[in-house]
DNA sequence: GTCTATATGCGGATAGAC
DNA sequence: GTCTATCCGCATATAGAC
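Structure follows, in structure tokens:
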């Protein structure tokens, strides 16, 4: 039996992902976790603080891996521009890699993050979107070096589309096959398909003025 | 002064898009609309029925246009396969075209739909996702004809990524410039960028086994 | 740290006058 | 069709015993 705090976070993670934050009551969570209602306020203070705790526990590690992979590769490259597909791989794959590391609890969090990407609430933005935007800026610089002929605004929009494809895949990650399920492709197949798709999208011929070719 | 029913739907549309369904109370809506609380139950019955009404009002026309554009083009082609980019244009552009037709109220609904794409609630699925899935199946057939060498499962996933890129762009459509705003690109620019991006993604070289080249 | 009990307010929905 | 007033349950959060 794991400890109360962890049990609450696990249940919250799953229920927030399935029903959304506002539609999930603390009673739903504590009933699911098999703990007392008052334990939530004792351990976390408020419902919003619980949401932040749920994000912080797993989103930090994902983003740290994103940064470390990029840093390490840039260090190895000694000033040369990185390969486009490599950069996209570093950006896209950590969520799915961690999902598999985390076992049964992984998909819950990944779904939650997938949905959070289209969330405009101020509470979600604070604990989720703000740190993510730092990552995006960092990758935007790397991508600009890999695609030096692509118009800056166009690159920003394409990065936006990359995030959309990734977020949607995360939100519906239950469509991927895990060892126990019948339907759906294994995560590795989907990940590779995603990388191929967005790599080609980033390299698309540009509009009439200002061209990127290869 | 427009009629009460319309005012309620307009406010609901905006607030559902901004805060989400569960986080928006009927009191928020009626206060924003400047109508009496009881009017909601008189005109719509329940809060869920109001949500359905909000979807039905605008999502039907969008999907009808998607179908009509595809039908008309297939009719003109007289049995020949359509061009990939043309198909994607028919699928992707109606939401944005309608958004601009609808003026100030347009972006609210488009954001709502963008968020709904990653919603797994049963209530949202019923009034939104089910009809959409019919459209997707129809387009999947057309795409398979345009990309006959692409593996079927791979095509499904790529269509999934297309939807993700589109949904994310819809959810953040306030980033596009409308006549009165300073920042952001005009919608036409973004739409074209999206079409170019996903067209290239769909045509990406396939994995080792089973290839699609041009 | 964990429980019971409860304060306090907001939620959707309705009754019934006009 | 529109209003006021209200029912009633559920929400978050807390007090205080153990």
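Residue numbers (this note's numbering), protein chains in the order written: chain U, 17 to 230; chain F, 17 to 230. Even for Gly, the Cβ is constructed at its ideal location relative to N, Cα and C.
Reduced DSSP secondary structure (H/G/I, E/B, other) of residue 176 of chain F: Numbered from its first residue, the second chain carries residue 176 of chain F at position 160. The answer is helix: DSSP assigns residue 176 of chain F an H, G or I state.
Cβ neighbours of residue 66 of chain F in the same chain (closer than 6 Å, five flanking residues each side left out): As a first step, residue 66 of chain F must be located in the second chain, where it is residue number 50. Cβ neighbours of residue 66 of chain F beyond the five flanking positions: 28 and 60.
With a cut-off of 8 Å, does the C-beta of residue 66 of chain F fall near any C-beta of chain U? The residue you call residue 66 of chain F lines up with position 50 of the second chain. False, the Cβ-Cβ gap to chain U never drops below 8 Å.
Over what stretch of residues does the alpha helix (DSSP H) that includes residue 111 of chain U continue unbroken? Taking the first chain and counting its residues from 1, the one referred to as residue 111 of chain U is at position 95. From DSSP, the alpha helix (DSSP H) with residue 111 of chain U extends over 100–117.
If you draw a straight line from the C-alpha of residue 161 of chain U to the C-alpha of residue 25 of chain F, how long is it? Here the question's residue 161 of chain U lines up with position 145 in the first chain. Here the question's residue 25 of chain F lines up with position 9 in the second chain. Roughly 47 Å separates the two Cα atoms.
Using only alpha-carbon positions, find the residue among U:159, U:193 and U:186 that is nearest to residue 218 of chain U. As a first step, residue 218 of chain U must be located in the first chain, where it is residue number 202. Looking at the Cα atoms, U:159 is the closest of the given residues.
Going by alpha carbons, who is nearest to residue 104 of chain U out of U:200, U:194, U:177 and U:203? Numbered from 1 along the first chain, position 88 holds the residue referred to as residue 104 of chain U. Comparing Cα positions, the closest option is U:177.
Once you ignore the five residues that flank residue 64 of chain F on each side, which residues in its own chain have a CB closer than 6 Å to its CB? Translated into positions along the second chain, residue 64 of chain F becomes position 48. Counting only Cβ-Cβ distances below 6 Å, and skipping sequence neighbours, we find 139.
Express the C-alpha separation of residue 57 of chain F and residue 209 of chain U in angstroms, rounding to a whole number. Taking the first residue of the first chain as position 1, residue 209 of chain U is located at position 193. Taking the first residue of the second chain as position 1, residue 57 of chain F is located at position 41. Approximately 47 Å, taken between the alpha carbons.
What three-state label does DSSP hand residue 193 of chain F in the structure shown? Here residue 193 of chain F is taken as the residue at index 177 of the second chain, counted from 1. Correct three-state label for residue 193 of chain F: coil.
Express the C-alpha separation of residue 17 of chain F and residue 95 of chain F in angstroms, rounding to a whole number. The residue labelled residue 95 of chain F in the question sits at position 79 within the second chain. The residue labelled residue 17 of chain F in the question sits at position 1 within the second chain. Near 50 Å, if we compare the C-alpha coordinates of residue 17 of chain F and residue 95 of chain F.
Contacts that residue 162 of chain F makes with chain U (C-beta to C-beta distance below 7 Å): Reading the second chain from its first residue, position 146 is the one you call residue 162 of chain F. Within chain U, no residue comes near residue 162 of chain F; the closest Cβ sits about 16 Å away, beyond 7 Å.
8 Å contact criterion, which residue 98 of chain F and residue 89 of chain F should meet: CB distance rounded: For the purposes of this step, residue 98 of chain F is taken as residue 82 along the second chain, with counting starting at 1. For the purposes of this step, residue 89 of chain F is taken as residue 73 along the second chain, with counting starting at 1. About 6 Å; that satisfies the 8 Å criterion.
Close beta carbons around residue 152 of chain F, own chain, < 8 Å, minus the five adjacent residues each side: Taking the second chain and counting its residues from 1, the one referred to as residue 152 of chain F is at position 136. Only 175 and 179 meet the Cβ criterion.
Residue 183 of chain F vs residue 130 of chain F beta-carbon contact at 8 Å: As a working note, residue 183 of chain F is residue 167 in the second chain. As a working note, residue 130 of chain F is residue 114 in the second chain. Yes.
Would you report the Cα separation of residue 229 of chain F and residue 156 of chain F, rounded to the nearest angstrom? Translated into the one-based positions of the second chain, residue 229 of chain F becomes position 213. Translated into the one-based positions of the second chain, residue 156 of chain F becomes position 140. Caution is warranted here: a pLDDT of 49 is assigned to residue 229 of chain F, below 50, making its placement in the model unreliable, and the coordinate value is therefore given only provisionally. Approximately 19 Å between the Cα atoms of the pair.
CB-CB under 7 Å to residue 53 of chain F, same chain, minus the five flanking residues each way: which ones, in chain order? Taking the first residue of the second chain as 1, we reach residue 53 of chain F at position 37. For residue 53 of chain F, where only same-chain residues beyond five positions count, the Cβ hits under 7 Å are 42, 43 and 46.
Which chain U residues are close to residue 137 of chain F, counting only those with a beta carbon under 9 Å from its beta carbon? For the purposes of this step, residue 137 of chain F is taken as residue 121 along the second chain, with counting starting at 1. Neighbours of residue 137 of chain F on chain U, chain order: 34, 35, 36 and 39.
Can you tell me whether DSSP reads residue 33 of chain U as helix, strand or coil? Within the first chain, the letter at position 17 stands for residue 33 of chain U. Three-state result, residue 33 of chain U: helix.
Taking C-beta to C-beta, are residue 21 of chain F and residue 77 of chain F nearer than 8 Å? Taking the second chain and counting its residues from 1, the one referred to as residue 21 of chain F is at position 5. Taking the second chain and counting its residues from 1, the one referred to as residue 77 of chain F is at position 61. Going by C-beta atoms, residue 21 of chain F is not nearer than 8 Å to residue 77 of chain F.
Of all the options U:31, U:206 and U:170, which has the alpha carbon lying nearest to the alpha carbon of residue 127 of chain U? For the purposes of this step, residue 127 of chain U is identified with residue 111 of the first chain, where counting begins at 1. Taking only the C-alpha atoms, the option nearest residue 127 of chain U is U:31.
Got a sec? Which residues, its chain only, sit under 6 Å from residue 192 of chain F by beta carbon, not counting five neighbours each side? On the second chain, residue 192 of chain F is found 176 positions in, with the first residue counted as 1. If we look at residue 192 of chain F and ignore the five residues flanking it on each side, its Cβ neighbours are 200, 203 and 206.
Element boundaries [alpha helix (DSSP H), containing residue 124 of chain U]: As a working mapping, residue 124 of chain U is identified with position 108 in the first chain. First-last of the alpha helix (DSSP H) with residue 124 of chain U: 122–132.
Please report whether the beta-carbon of residue 142 of chain F lies at a distance below 8 Å from any beta-carbon of chain U. By 1-based counting over the second chain, the position of residue 142 of chain F is 126. By this cut-off, residue 142 of chain F is not an interface position.
Please report the straight-line C-alpha distance between residue 124 of chain F and residue 91 of chain U, rounded to a whole angstrom. To locate residue 124 of chain F, count along the second chain from 1; it is residue 108. To locate residue 91 of chain U, count along the first chain from 1; it is residue 75. Spanning the two alpha carbons is a distance of roughly 45 Å.
Please state whether DSSP places residue 18 of chain F in a helix, a strand or coil. If you number the second chain from 1, residue 18 of chain F lands on position 2. Three-state result, residue 18 of chain F: coil.
Would a check of beta-carbon distances place residue 73 of chain U closer than 8 Å to chain F? Translated into the one-based positions of the first chain, residue 73 of chain U becomes position 57. So no, residue 73 of chain U is outside the interface.
What does residue 206 of chain U reach in chain F if we use C-beta pairs closer than 8 Å? Numbered from 1 along the first chain, position 190 holds the residue referred to as residue 206 of chain U. In chain order: 173.
Residue 170 of chain F burial status per 10 Å Cβ neighbour count (16 or more: buried): Counting from 1 along the second chain, the entry for residue 170 of chain F is found at position 154. By the neighbour-count rule (16 or more Cβ atoms within 10 Å), residue 170 of chain F is buried.
Less than 8 Å between the C-beta atoms of residue 38 of chain U and residue 39 of chain F, yes or no? The residue labelled residue 38 of chain U in the question sits at position 22 within the first chain. The residue labelled residue 39 of chain F in the question sits at position 23 within the second chain. Cβ atoms of residue 38 of chain U and residue 39 of chain F: closer than 8 Å.
Nearest neighbour of residue 223 of chain F, chosen from U:223, U:212 and U:216 [CA to CA]: Sequence index remark: in the second chain, residue 223 of chain F carries index 207 (1-based). Closest by alpha carbon: U:212.
Same chain, Cβ closer than 8 Å to residue 134 of chain F, neighbours up to 5 away in sequence not counted: Locating residue 134 of chain F in the second chain gives position 118, where the first residue counts as 1. Cβ within range, chain order: 183.
Do residue 216 of chain U and residue 220 of chain F have their CB atoms nearer than 8 Å? Position 200 of the first chain, counting from 1, holds the residue named residue 216 of chain U. Position 204 of the second chain, counting from 1, holds the residue named residue 220 of chain F. Closer than 8 Å, so yes.
Are the Cβ atoms of residue 144 of chain F and residue 71 of chain F separated by less than 8 Å? As a working note, residue 144 of chain F is residue 128 in the second chain. As a working note, residue 71 of chain F is residue 55 in the second chain. Yes, these two residues count as a Cβ contact at 8 Å.
Note down, in chain order, every chain F residue with its Cβ under 8 Å from the Cβ of residue 170 of chain U. For the purposes of this step, residue 170 of chain U is taken as the residue at position 154 of the first chain. In chain order: 209.
Quick check on residue 148 of chain U - is its C-beta less than 8 Å from some C-beta in chain F? Residue 148 of chain U sits at position 132 when you count from the first residue of the first chain. Chain F, which has no Cβ nearer than 8 Å to the Cβ of residue 148 of chain U, makes this no.
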